Every structure is written in C-alpha cells, then in structure tokens.
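Down below is the structure, laid out as structure tokens.
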Amino acid sequence: MSCASSERRIALVDVNNFYASCETVFNPKLAGRPLVVLSNNDGCVVSRSAEAKALGIKMAQPWHLIRKQAEAEGCIAYSSNYTLYADMSSRVMAILADMAPEHEVYSIDESFLDLTGVRQPREHGLAIRQRVRQWTGLTVCVGIGSTKTRAKLANHVAKKHPEHAGAFDLEELPAAEQEAWLQRIPVDEVWGIGPRLRERLQAMGVRTALDLQQCDPKAIRQQFNVVVERVVEELRGTPCLDLELLAPPKQQIMCSRSFGRAIVDVAELREAVISYVSRAAEKLRQQQSVARVLHVFAHTNPFKPEQPQYNASLNIKLPLACDDTLMLSRYAGAAAEHIYRPGYAFKKAGTMLMELEPKATRQITLFEDTDQLERRARLNSVLDRANVRFGRGTLAVAGAGTDRSWRMNRGMLSPPYTTSLDHLPRVGGASLNQRIT
DNA sequence: TCTGGGGTCCTAGGACCC
DNA sequence: TCTGGGGTCCTAGGACCC
C-alpha cells in the first residue's frame, strides 16, 4: 500500500542574504542598493545583497582589495552586528517552530523542518515564507525533498529560479523532471561536496548532481569514504541524516579573534587571551559543561610573509575539570606568557576548551575545596547575569584589561536596533525611549 | 593601514600491547 | 638466508559546513 502522505518530507528553510537583509530591514533606504556585511575586523565579505552579487562581489573576498571599486559602484559596507542577527534569527526560528511539528535549527539562518504528512508541502512552504516576511521583514526560500540533501538541492532551485516563488518541492515532480533539475546543478552545489571533492569527481567525469546520484554508492565508498557514500545515498532518496531536534552539547568551545592592530607586548597578549577565555567559559557554563583541557594559541600575520613568522600553541590539562572564569584565566594568562616571544608582531590569538563533560556528572577529586568551589560558582553566576542584563563585558576579570586598544575594528557598525531601548527605530522624530523618559 | 570565526566528522598512521 | 600479526588508542590533519 503506497500512501503519498506518509513519505518523508524535509524542508530546508533559509533566509536570503541573511546579514545584509537584517541591515536593510532596519534601514529601508538600503533596499535596492548593493550592500555587503563584513567579517570581524572588517576583513572579508560575509554577506551580500542581490545587488552586490550582481556587481560580481564574491563571498569571502578581502574588503580592502575590492573596497575602492565597490564603493565607486555605490556599494555600502557594514561591520557585522551579531547581536542584531542573533535576535532576528531567534524571531525567525520561533515562527518556524510554530509551523512544523519538528524542526532542527541548523545554523543562524537555516532550519530543517519535518513536513512528513503535510498534504501540500509546497503550499505550506509558501505560507511559511509569507508569515516570515510579514512578521520579520525577512525573505526565506523553502526547498522540499525526501532527504536533507535533496531538500538542500530543492532550496538551491528555489533560490536560483524565481518562477517558483521561493518554494520548490522536488518530490512532487515526475522522475524525468527531477532528473532534469539535478542535471542542471553543478556537483559542488551538493551539500557535502567542496572544492577538493569536486576536483576529484570531475576528473572521473562526475560533473552534476545527477552524475553523482547515478554513481554506485559502494564504489564511491571505495574511492572516497563513507561520508561521500552517504551523500550519494541521500541524493537517491535513502535517508542517512536524521533531524537533530535537540542540539547536542558542543564537544569543544573556541573563542579567538584577530587584533585590530598587531600586538608586540606580552602584557597585551595576556589581556587578549584572558578576555577570550572568559568568553569561552561563559559559553561553557551556558551549556552546563566543564572542561578538562585548555588550549591557547597565538600567531603572527601569515599575509605578511616578509615579517618574521611565529605560530605557537599550548595544551594544558587542568588539575580538575572546571567552568570557572578565574581559574581558566589564570592558566590562560600563564600560557600566553609561555608562548610569547619578543620581536614578533602577533595578529591573532585564541583559546579552546576541550574534553568537555556535563557538569552534573563531573568527577570529584579527593582534595578539592568544596566551599571554595561553591563560592566560585556563585561568583561566575553573578558575572553571567550581569553580562546578560547589561551587555557583554560589563563585568570582567581585571586581567582582561580595561583599555583593550588591540580590539577588533568595527568601523561601520549599525545600532543594536532590537536589543537596546536606546536604539529603537524612531517614528516621527522621537524614539520610544524619549517618550518614556 | 586593511585577509573571519566557530564548528563537525573521518581517516591514516604511530605508539603500544600481547 | 630467515625478522609476526592483530588489536586498540590517540593524534594530527584533511575535508566539509555556515
């Protein structure tokens, strides 16, 4: 007995040009203009409006190399405003959660929805699109398929072919039409096929998504590995990847940054590393884990090969797994001093917390001072609450420095429109805040 | 002056053991 | 002359994703 409605249907919903679109929502004058959002330190292009794409601006291009030309063509650049994007993301995700029984938040702007059993999946996709647009001002595309990989492909079609109105269901088509679409899609547009695999596949004559789908999975496993084999199976409609409804806890937590200017002083390197490990510890406590290993690294600017280069890192096994900012800061500071070498211009440093385990089942050691641990836990919780309520960095360990002139550059940052009363958009000349006060 | 940050999974190969 | 073999664990590095 075949019952169409019981077949697995996965939708991939993603926001078009997410960061650039967030900026436009709050500054409508930007609509229709070429606009890019830059990575930290205003380094690379990480999001582009349709008009910026039309100018030929590519993802990940260093801004300083294309700035002159782009600005001459009327392109506007913004520094990335993650506070704003994270808030907009949670609004979109709340809508999606409401429109499907189960969904997986896959990234800041993408979500997989389970539409199995929905009678007209594509119509539902259009409804999702309509609601997100109305409630947030953002535009999403919806791709529907029997596996995650096919949903991704369908999403690609929805984005590239406006005649589908932003929602495309691969499975509602007859087999011949499905194949025709797959044949139009280059193999490296398939989820999981990057530049290296594309090269190897092309050498074998596998150029399109259809070519890859028609490969023998077992042969692919022989020549590549189990990951590529799963891609082929998913393309053929055999699910290998399930929806992950609950995000599993991270296995490692990293915080690293490039500096706004090079650091030559050990005291500054120490400050930077301590401020990064503080942030990492905050994330660690958020997921209620403790870390057993701390990794600290720093390096010079690889893009300046004429300058002396130095790459250093240190792994520290902690005496007990912990989530304590003060303790982690002490070790991170010592590590920074240990890897520091005079005579080098450091451009980037970072910390990683590894070998994480749930705090609840942490192994207790024989000699630990329980009272001290409890006092520290209370201190960290005050730290976290203050920083949530009054903004990141309100309370910090002194070792993280107060001047921080090495901090990243964000010269073109938009206001935190949605998360600060002071920056609510103004209507009729007066902000809500002014009326309140 | 100016080139991001944060993750995951898999594999190969070495160390070590019996 | 002739120099095992299999298992496990760990780590580094590759490849991918957004």
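According to my numbering, the stretch in the first sequence is residues 69 to 505, in order.
Just so it is clear, CB atoms sit at the ideal spot from N, CA and C, and this is done for glycine as well.
Computed from a predicted model, the values in this text were never measured in an experiment.
DSSP beta-bridge partners of residue 237
Answer is 212, bridged to residue 237.
For a test of the three-state rule: what should DSSP assign to residue 86, helix, strand or coil?
Annotated three-state conformation of residue 86 is helix, per DSSP.
Given a cut-off of 9 angstroms on the beta-carbon distance, is the pair residue 79 and residue 260 in contact?
No, the Cβ-Cβ distance between residue 79 and residue 260 is not below 9 angstroms.
Does DSSP put residue 157 in a helix, a strand or coil?
Note: residue 157 maps to helix in three-state DSSP.
Can you tell which of 89, 366, 143 has its C-alpha closest to the C-alpha of residue 102?
Nearest of 89, 366, 143 to residue 102, Cα basis: 143.
Among 344, 357, 339, 322, nearest to residue 316 - alpha-carbon criterion
From the listed residues 344, 357, 339, 322, the smallest Cα separation to residue 316 is found for 357.
Taking only the alpha-carbon atoms, compute the straight-line gap between residue 332 and residue 135 and give it to the nearest angstrom.
Those two C-alpha atoms are separated by around 28 angstroms.
Could you name the residues of the same chain whose beta carbon sits closer than 6 angstroms to that of residue 459, not counting the 5 residues immediately before and after it, in chain order?
No residues qualify anywhere along the chain.
So what does DSSP say about residue 79, is it helix, strand or coil?
Here DSSP, grouped into helix, strand and coil, assigns residue 79 to strand.
Relative to the C-alpha of residue 411, which candidate in 150, 367, 421 has its C-alpha closest?
The residue with the shortest Cα to Cα distance from residue 411 is 367.
Are residue 148 and residue 87 touching if we call contact CB-CB under 9 angstroms?
The answer is yes: Cβ separation under 9 angstroms.
With residue 208 and residue 196 assumed to form a contact (beta carbons below 8 angstroms), what rounded beta-carbon distance in angstroms separates them?
The C-beta separation of residue 208 from residue 196 comes to about 7 angstroms, placing the pair in contact by the 8 angstroms criterion.
Distance between residue 303 and residue 245 (C-alpha atoms, nearest Å)
The alpha-carbon of residue 245 is positioned some 15 angstroms away from that of residue 303.
Return the Cβ separation of residue 258 and residue 221 in integer angstroms, given the expectation that the two are a contact with Cβ distance under 8 angstroms.
Right, their Cβ atoms sit about 7 angstroms apart.
Within 10 angstroms of its Cβ, does residue 203 collect 16 or more other Cβ (buried), or is it exposed?
Exposed is the call here.
Residues near residue 190 in its chain [Cβ-Cβ closer than 6 angstroms; skip 5 each side]:
So the qualifying residues of the chain are 235, 237.
Proximal residues to residue 283 (C-beta, below 6 angstroms), its chain only, five neighbours per side dropped:
Within the same chain, residue 283 has close Cβ partners 300.
For the alpha helix (DSSP H) that contains residue 452, what are its first and last residues?
438 to 458 is the span of the alpha helix (DSSP H), which, as asked, contains residue 452.
Any 3 or more C-beta pairs closer than 8 angstroms across the segment 339 to 352 and the segment 368 to 379:
Counting Cβ pairs under 8 angstroms, fewer than three are found: no touch.
DSSP bridge partner residues for residue 390 (one or two, in chain order):
The partner list for residue 390 (beta bridge, DSSP) reads 359.
By the DSSP assignment, the beta strand (DSSP E) with residue 469 in it spans what residues?
Counting along the chain, residue 469 falls outside any beta strand (DSSP E), and DSSP gives it neither H nor E.
Using the Cα positions of residue 499 and residue 91, report the straight-line distance between them to the nearest angstrom.
Unreliable placement is indicated for residue 499, whose pLDDT of 44 sits below 50; no coordinate value is reported for it.
Relative to the C-alpha of residue 172, which residue among 158, 212, 313, 108 is closest?
Answer by Cα proximity: 313.
Mark residue 485 as exposed unless 16 or more other C-beta atoms lie within 10 angstroms of its C-beta, in which case mark it buried.
With a 10 Å radius around the Cβ and a threshold of 16 neighbouring Cβ atoms, residue 485 comes out buried.
Does DSSP put residue 276 in a helix, in a strand, or in coil?
In the three-state reduction of the DSSP assignment, residue 276 falls in the strand class.
Mind checking residue 432: buried by the 16 CB within 10 Å criterion, or exposed?
So residue 432 counts as exposed.
Among 483, 470, 198, 339, the one whose alpha carbon lies nearest that of residue 418:
Per the Cα distances, 339.
According to the Cβ coordinates, are residue 256 and residue 265 closer than 9 angstroms?
A contact, by the Cβ cut-off of 9 angstroms.
If you count every other CB in all the chains shown that lies within 10 Å of the CB of residue 13, and 16 or more means buried, which is it?
Look at the range of the chain in this structure, 69 to 505, and you will see that residue 13 is not part of it.
Residue 214 to residue 181, Cα distance in whole Å?
Straight-line Cα distance between these residues: approximately 11 angstroms.
If distances are taken between C-alpha atoms only, which option among 430, 476, 438, 122 comes closest to residue 326?
The option with the nearest alpha carbon to residue 326 is 476.
Buried versus exposed, by CB contacts within 10 Å (16 or more), residue 509
Within the shown structure, residues of the chain are numbered from 69 to 505, placing residue 509 beyond reach of any answer.
Cα separation between residue 84 and residue 362?
If you draw a straight line from the Cα of residue 84 to the Cα of residue 362, it is about 37 angstroms long.
Residue 72 burial status per 10 Å Cβ neighbour count (16 or more: buried):
Unreliable positioning characterises residue 72 in this predicted model, as indicated by a pLDDT of 47, which lies under 50. The coordinate reading is nonetheless provided below. Classification for residue 72: exposed.
What residue range does the beta strand (DSSP E) around residue 178 cover?
From DSSP, the beta strand (DSSP E) with residue 178 extends over 178 to 182.
Selected residue, minimal CA-CA separation from residue 98, among 462, 467, 118
The shortest C-alpha to C-alpha distance from residue 98 to any of 462, 467, 118 is the one to 118.
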